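Residue numbers (full-length UniProt numbering): 1 to 188.
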C-alpha cells in the first residue's frame, strides 16, 4: 500500500506505519513522540493519518504534529479556535484523535467530538435522535497552557468548561435536561 491511497474522509496524508515511517519515543518521561519518515524528516505542523495493518485488517488513526514534529496529545486548539481531543490513554492509540462521546477525567464532564472531523461541538446538538446542550460560552478561562508539559490542562476556576455537556439542570435558554444530558421535551 502507498501513502495517500486509502480514503479516510479527513483529507490528511496517509502514511503506512512500518513501510513509510516509524514512531520514535524521544522523551519517555514526557511521552514525547514523533513519526520518523526517514532521512531526518518528520511530519511537522500538520495533521496526518497513520495506517496500521495487523492480521490483514488496516485501521487508520488521525494525529496532529506541532511545528517541531512532536505529536500532540490531550486538548488541542487550532488557529481558528476549534478544539480537538487527542487520546491520552497509554497502551492504546496514544495521541490519536478522539471522536464521538468523550468523558474528561480532569473535569468530570462529557463532551462530544464530531464523528468525522473530531471537532468539539457546542450549543444544541442532535445526536442519535436526542438533543443535548454543550456550553458555547468561553467567558471563564477553564483550560490553560502548561509550559512544563507543553499541553493544555484543566484549570478549575469554578466556571463551566467550554464545550461541556449540561446534565440534570436547566440550560441558559430555559430548557431542562435530564441526568444523561437529554433534553426533556416538556420544557420550558
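Ideal Cβ positions, reconstructed from N, Cα and C, are used throughout, including at glycine. What you are looking at is a predicted structure, and each value in this text was computed from that prediction instead of being measured.
A Cβ-Cβ separation of about 4 angstroms places residue 49 in contact with residue 12 under the 8 angstroms criterion. Sorting 15, 136, 175 and 176 by C-alpha distance to the C-alpha of residue 123 places 136 at the top.
Counting along the chain, no beta strand (DSSP E) covers residue 55, and no H or E run does either.
Here residue 96 is buried: its Cβ has 16 or more other Cβ atoms, across all protein chains shown, within 10 Å. Pairwise C-beta distances place the region 59 to 75 out of contact with the region 126 to 136, as fewer than three of them are shorter than 8 angstroms.
Leaving aside the five residues that flank residue 66 on each side, the residues in its chain whose CB is nearer than 7 angstroms to its CB run, in chain order, 45 and 72. Between residue 26 and residue 34, the C-beta spacing is below 9 angstroms.
A Cβ-Cβ separation of about 12 angstroms leaves residue 52 out of contact with residue 22 under the 8 angstroms criterion. Restricted to the region 156 to 187, not a single beta strand (DSSP E) segment is unbroken, complete and at least 3 residues in length. Distance from the CA atom of residue 138 to the CA atom of residue 176, rounded to whole angstroms, is 21 angstroms.
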